[in-house]
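Here is the structure we will look at.
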Amino acid sequence: MRKANSANPSLIRDINRSSVLDVMRRTGPISQADIAKILALQPSTIMRIITELLEERLIVSVGQGQTTSKGGRKATLLELNKDGAYAIGVDLNADEVIAVLLDLSGAIVAEVRTDCPSESGPNPVLDTVKQSIEALLAQPTVSADRIIGIGVSVPGKVDSVTGTSVIAINFRDWFNVPIGEQLEQAFQLPVYVEHDMRSMAFGEMWFGNEYDHMLCLGFRSGIGLGLVLNGELYRGAHQLAGDVGHVIVDPDGPPCSCGRQGCLEAVASEKAIHNNVRRYVQQHSLSSAGNRKMTMEELNIRFIYETFRQGHSDITAMIKEAADYIGKTLCDLVRVYDPQAIVIGGNVLASSSEFLDLVRSAYQSMQPNYADDIPSIQPARFGEQSIAIGSASLMLSRLFKPSGA
Numbered sequence: 001m002r003k004a005n006s007a008n009p010s011l012i013r014d015i016n017r018s019s020v021l022d023v024m025r026r027t028g029p030i031s032q033a034d035i036a037k038i039l040a041l042q043p044s045t046i047m048r049i050i051t052e053l054l055e056e057r058l059i060v061s062v063g064q065g066q067t068t069s070k071g072g073r074k075a076t077l078l079e080l081n082k083d084g085a086y087a088i089g090v091d092l093n094a095d096e097v098i099a100v101l102l103d104l105s106g107a108i109v110a111e112v113r114t115d116c117p118s119e120s121g122p123n124p125v126l127d128t129v130k131q132s133i134e135a136l137l138a139q140p141t142v143s144a145d146r147i148i149g150i151g152v153s154v155p156g157k158v159d160s161v162t163g164t165s166v167i168a169i170n171f172r173d174w175f176n177v178p179i180g181e182q183l184e185q186a187f188q189l190p191v192y193v194e195h196d197m198r199s200m201a202f203g204e205m206w207f208g209n210e211y212d213h214m215l216c217l218g219f220r221s222g223i224g225l226g227l228v229l230n231g232e233l234y235r236g237a238h239q240l241a242g243d244v245g246h247v248i249v250d251p252d253g254p255p256c257s258c259g260r261q262g263c264l265e266a267v268a269s270e271k272a273i274h275n276n277v278r279r280y281v282q283q284h285s286l287s288s289a290g291n292r293k294m295t296m297e298e299l300n301i302r303f304i305y306e307t308f309r310q311g312h313s314d315i316t317a318m319i320k321e322a323a324d325y326i327g328k329t330l331c332d333l334v335r336v337y338d339p340q341a342i343v344i345g346g347n348v349l350a351s352s353s354e355f356l357d358l359v360r361s362a363y364q365s366m367q368p369n370y371a372d373d374i375p376s377i378q379p380a381r382f383g384e385q386s387i388a389i390g391s392a393s394l395m396l397s398r399l400f401k402p403s404g405a
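As numbered in the working numbering, residues 1 to 405 make up the sequence shown, in order.
Structure, rendered in structure tokens:
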């Protein structure tokens with residue numbers, strides 16, 4: 001536990017309270033006596049904190065533990081009240097807005113998914129986000145006063161201190177968009193804005209992934225990386241750490257939205273695969289499961305994934321090429337960062353075992369001959385909802401930290 005300045009009793013109480021909550025989050029049902037032992041605090045201090053938390057309905061009594069070895073009275077067990085607090089998490093990406101309402105246990109209470117008008121400029125996008133949040137706030141089973149805040153994740157450069165999305169190149173006219181300010185004014189709730197891949201990485205850590213060194217790769221219309229180094233999110237000097245989508249992997253490759261050529265995102269993202277398949281369909285035909293020819297308008301990434309699953313050789317070749325680029329890039333990143341594990345998340349392709357197997361195959365085949373203890377590649381814990389859940393968990397985590405921490 002952190003040492004507090006003895007001249008600041010308020011800070012000490014705040015630290016002790018957050019420490020009690022964090023112990024309960026990590027252990028599950030536990031007695032007051034065991035909390036006191038873990039935190040090395042006086043039983044009277046723990047009793048006062050527990051009384052406050054029970055009154056605030058942040059914790060609940062869940063029965064009794066085992067009889068002590070001396071035959072004493074069974075201790076009352078306490079745990080977090082899953083309905084004691086909620087947070088909203090928003091995953092704002094160029095294709096879709098995914099918004100979730102999370103309870104204190106991390107369970108999704110409600111979810112809203114809406115197409116994102118990323119080509120229409122900031123105002124229509126923010127209106128879509130607001131509508132999604134309004135739908136979650138209208139849930140009849142959740143008391144609005146129990147919702148402690150909103151976490152929002154966006155790709156690109158983010159200033160989390162001011163709540164500003166500085167730039168997101170897959171969004172039209174998107175520069176210095178004050179997401180935090182706009183949403184705080186609209187909903188009168190605290191708002192925290194973070195980079196999408198850092199949110200995914202935080203969610204992985206918060207819900208039980210104990211790795212202190214981890215790479216979280218996000219694969220969808222863009223490609224990004226969340227870095228966990230020494231158990232902490234790493235942002236870099238200019239908030240740009242993890243911008244792996246704009247590492248050049250093919251100098252002769254197609255132009256990228258960043259203005260360069262042959263970036264990883266330009267050759268291996270879902271958007272790149274989609275563009276390749278669209279060009280293919282201009283010369284060939286693709287049919288749905290019902291054997292109906294698909295139009296260009298119907299040709300979305302989910303249909304491409306289903307065609308890949310059905311074994312279409314040309315589509316599989318395009319997806320394998322993207323997986324090869326990603327596998328090679330991950331191999332290089334492992335040499336730089338030496339992580340314990342790699343997590344891949346995103347939309348439908350990134351969540352599929354078939355695609356991950358292709359990435360793993362490329363990744364393993366490109367390891368140097370001296371490599372041992374190669375970090376494994378794992379799917380994101382919460383699939384397509386990983387970033388939205390990570391966004392909400394960033395807000396929930398504030399309950400377990402002293403004010404201002």
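Glycine is no exception: its CB is placed at the ideal position from the N, C-alpha and C atoms.
- Beta-bridge pairing by DSSP links V152 to V90 and V193.
- One Cα belongs to G151, the other to E232, and the distance between them is close to 18 Å.
- If only uninterrupted alpha helix (DSSP H) runs of at least 4 residues are considered, those enclosed by the segment 168 to 223 are 179 to 187 and 196 to 206.
- Pairwise C-beta distances place the segment 119 to 132 in contact with the segment 176 to 191, as three or more of them are shorter than 8 Å.
- Following the DSSP letters along the chain, one finds G390 inside the alpha helix (DSSP H) bounded by residues S386 to L396.
- D127: member of the alpha helix (DSSP H) spanning P122 to L137, first to last residue.
- Close CB contacts of Y280 within its chain, under the 7 Å cut and outside five residues either way in sequence, are with D314 (chain order).
- Annotation note: the segment 295 to 347 contains the following uninterrupted alpha helix (DSSP H) runs of length 4 or greater, listed N- to C-terminal: 301 to 309 and 313 to 337.
- 8 Å or more divides the Cβ of A380 from the Cβ of I326.
- Straight through space, the alpha carbons of N276 and Q282 are spaced by roughly 10 Å.
- Between the segment 200 to 219 and the segment 381 to 389 there are three or more inter-stretch CB-CB distances shorter than 8 Å, so the stretches are counted as touching.
- Counting along the chain, L102 sits inside the beta strand (DSSP E) bounded by residues E96 to D103.
- The continuous beta strand (DSSP E) containing L80 extends over residues T76 to L80.
- Per DSSP, S376 is one residue of the beta strand (DSSP E) stretching across S376 to P379.
- For a cut-off of 8 Å, the C-beta gap from I30 to L77 is around 6 Å, short enough to register as a contact.
- Judged by DSSP secondary structure, A110 falls outside any alpha helix (DSSP H) and instead within the beta strand (DSSP E) spanning I108 to D115.
- If you look at E232, you'll find it in the beta strand (DSSP E) that goes E232 to Y234.
- A contact between stretches requires three or more CB pairs, one per stretch, nearer than 8 Å, and the segment 365 to 384 meets this requirement with the segment 344 to 354.
- L399 sits in a helix when the DSSP states are folded into three classes.
- Spatial neighbours of V348 in its own chain (CB-CB distance under 8 Å, excluding positions within 5 residues in sequence) are listed in chain order as I301, R302, Y305 and E384.
- Per the C-alpha coordinates, the member of E134, R146, Y363 and V193 positioned closest to V161 is V193.
- Around the beta carbon of T141, fewer than 16 other beta carbons sit within 10 angstroms, so the residue counts as exposed.
- Burial of F219 is indicated by the presence of at least 16 other C-beta atoms within 10 angstroms of its C-beta.
- Apart from the 5 residues on each side of it in sequence, I98 sits with its Cβ closer than 6 Å to the Cβ of D91, R113 and A388 in its chain, given in chain order.
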